[in-house]
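Q: Can you read through this structure? Questions will come right after.
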Amino acid sequence: MKHQKKFLICRDSAPLAPVGAARVKRPFSGRLALLVYTLICLLTLPGAFALASEADAIRGGASWYGTPFHGRPTANGEIFNTYALTAAHKGLPFGTIVRVHNLKNGKHVLVRVNDRGPYVEGRVVDLSFKAAQMLGMANSGVAPVRLEIISGKKGKPLTEGNAFYVHLADERSAFKARGKAAKLGIQLGTPVKTLYRPDGPAKGFALCLGPFTSFKEADARFMALQQGAIAGIGVIEAPAQGTVPFYTPDSSHALRSPAQGQEAADQYAMLWKTLAASYHHSLYALSLLALENKNFPPSVL
11 MKHQKKFLIC
21 RDSAPLAPVG
31 AARVKRPFSG
41 RLALLVYTLI
51 CLLTLPGAFA
61 LASEADAIRG
71 GASWYGTPFH
81 GRPTANGEIF
91 NTYALTAAHK
101 GLPFGTIVRV
111 HNLKNGKHVL
121 VRVNDRGPYV
131 EGRVVDLSFK
141 AAQMLGMANS
151 GVAPVRLEII
161 SGKKGKPLTE
171 GNAFYVHLAD
181 ERSAFKARGK
191 AAKLGIQLGT
201 PVKTLYRPDG
211 PAKGFALCLG
221 PFTSFKEADA
231 RFMALQQGAI
241 AGIGVIEAPA
251 QGTVPFYTPD
261 SSHALRSPAQ
271 GQEAADQYAM
281 LWKTLAASYH
291 HSLYALSLLA
301 LENKNFPPSV
311 L
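Written out as structure tokens, the structure reads:
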């Protein structure tokens, strides 16, 4: 009965004075849960920051491996091909696409992680010979690099709407780019697209094959080109929409023969020369007019 009296309604009343939050005692179980939650946050926070920094950029040394390992199985079971655009990394999931930036010369290349390594202090990636060659570090063997993660383990771009292209050539002029795309399309028998890349090496247009939804598919096409006359430059990432092929085999205006491709290229070259000649003639005429008004002798021209 003694314990039952405290639950009677007549004994239940409001506090006589406001109760501060500091005076309210939390149950032990609640404080224990808060402590456990705090410990979990403290333990996982450095890992979260590490993952965020890894997804953003990883800096360190890069090396490459080639002939002794060519034809041997990699860590994910594939057969290593030193002429493919692949790389070894200690922790990134297999299939992840990484853009490797050479901090010495500004060059960069896309590679796919299919192996584990390197196990040398200070190094963050081990590249195939072909990737190292494209980065300009094949002779030096090592170089300082920055890694930028482009895709997840499925090999598809993280940026929505982007795809992979096989990079064939660069041109500054739109006229030359379209003429060269015509000839390359005839030689390869497949559409060649011109991508506007003001931030690219040529500060103009890139001639490409694609788009390819996966990097592995684009890399296989790039390796197939190495056996022919048009070797290509590499694999790049760009928007999949908004690129129009200049040569389409099934188009009503398709160029059906190398002669037609050469003729189209010559027409664009002639148009460019005509415009340039007109510009120079206009400048010459303006100069003569200025000299005539100032009574300068024509011999000063």
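Numbering (this note's numbering), first residue to last: 11 to 311.
All C-beta atoms, glycine included, are put in the ideal place defined by N, C-alpha and C.
#1: Based on the DSSP secondary-structure assignment, which residues constitute the bridge partners of Ser-73?
#2: Just to confirm the assignment, what range does the beta strand (DSSP E) spanning Leu-178 have?
#3: Between which two residues does the beta strand (DSSP E) carrying Leu-120 extend?
#4: Mapping the DSSP letters down to three states, classify Lys-35 as helix, strand or coil.
#5: Who are Ala-97's beta bridge partners in DSSP?
#6: Ser-161 bridges to which residues according to DSSP?
#7: Select from Val-121, Ala-241, Thr-96 the residue whose C-alpha is nearest the C-alpha of Leu-198.
#8: Output the distance between the C-alpha atoms of Gly-127 and Val-134, rounded to the nearest integer angstrom.
#9: Would Leu-95 and Lys-164 be called neighbours here (beta carbons separated by less than 9 Å)?
#10: Would you grab the beta carbon distance between Ser-224 and Asp-136 for me? Rounded to a whole angstrom, and I think it's under 8 Å.
#11: Is the separation between the beta-carbon of Leu-217 and that of Pro-154 shorter than 9 Å?
#12: Could you spell out where the beta strand (DSSP E) holding Ile-196 opens and where it closes?
#13: Based on Cα-Cα distance, which residue from Asn-91, Ile-243, Phe-104 lies nearest to Met-144?
#14: Should Thr-169 be labelled buried (16 or more other beta-carbon atoms within 10 Å of its own) or exposed?
#15: Using CA atoms only, rank isn't needed, just tell me which of Asp-180, Leu-293, Lys-226, Phe-222 is closest to Thr-204.
#16: Under three-state DSSP, which class holds Pro-249?
A: For this structure:
#1: As a first step, residue 73 must be located in the sequence shown, where it is residue number 63. In DSSP, Ser-73 forms a bridge with Asp-136, Val-152.
#2: Walking along the sequence shown from the start, residue 178 turns up at place 168. First-last of the beta strand (DSSP E) with Leu-178: 172-181.
#3: Along the sequence shown, read from residue 1 onward, the residue named residue 120 stands at position 110. Note, Leu-120: beta strand (DSSP E), 118-125.
#4: Walking along the sequence shown from the start, residue 35 turns up at place 25. At Lys-35 the pLDDT is 45, less than 50, meaning the model places this residue with poor confidence; the figure from the coordinates comes in the next sentence. Reduced to three states, the DSSP call for Lys-35 is coil.
#5: Looking up residue 97 in the sequence shown gives position 87. BP columns for Ala-97 point to Val-123, Leu-137.
#6: As a working mapping, residue 161 is identified with position 151 in the sequence shown. For Ser-161, which the question treats as bridged, DSSP gives the partners Pro-167.
#7: Numbered from its first residue, the sequence shown carries residue 198 at position 188. Comparing Cα positions, the closest option is Ala-241.
#8: Within the sequence shown, numbered from 1, the residue matching residue 127 stands at position 117. Within the sequence shown, numbered from 1, the residue matching residue 134 stands at position 124. Approximately 8 Å between the Cα atoms of the pair.
#9: Sequence index remark: in the sequence shown, residue 95 carries index 85 (1-based). Sequence index remark: in the sequence shown, residue 164 carries index 154 (1-based). Contact flag unset, no.
#10: Along the sequence shown, one-based indexing puts residue 224 at 214. Along the sequence shown, one-based indexing puts residue 136 at 126. Actually they do not touch by this definition, with Cβ atoms about 22 Å apart.
#11: If you number the sequence shown from 1, residue 217 lands on position 207. If you number the sequence shown from 1, residue 154 lands on position 144. No.
#12: Counted from its first residue, the sequence shown places residue 196 at position 186. Careful: Ile-196 lies outside any beta strand (DSSP E), inside the alpha helix (DSSP H) at 184-198.
#13: Here residue 144 corresponds to residue number 134 of the sequence shown, with the count starting at 1. Among Asn-91, Ile-243, Phe-104, the Cα nearest to that of Met-144 is on Ile-243.
#14: Counting from one through the sequence shown, the residue named residue 169 turns up at place 159. It counts as exposed.
#15: Within the sequence shown, residue 204 is the residue found at index 194, counting from 1. Selected option, being the one with the closest Cα: Asp-180.
#16: Your numbering for residue 249 matches position 239 in the sequence shown. DSSP places Pro-249 in strand when its eight states are reduced to three.
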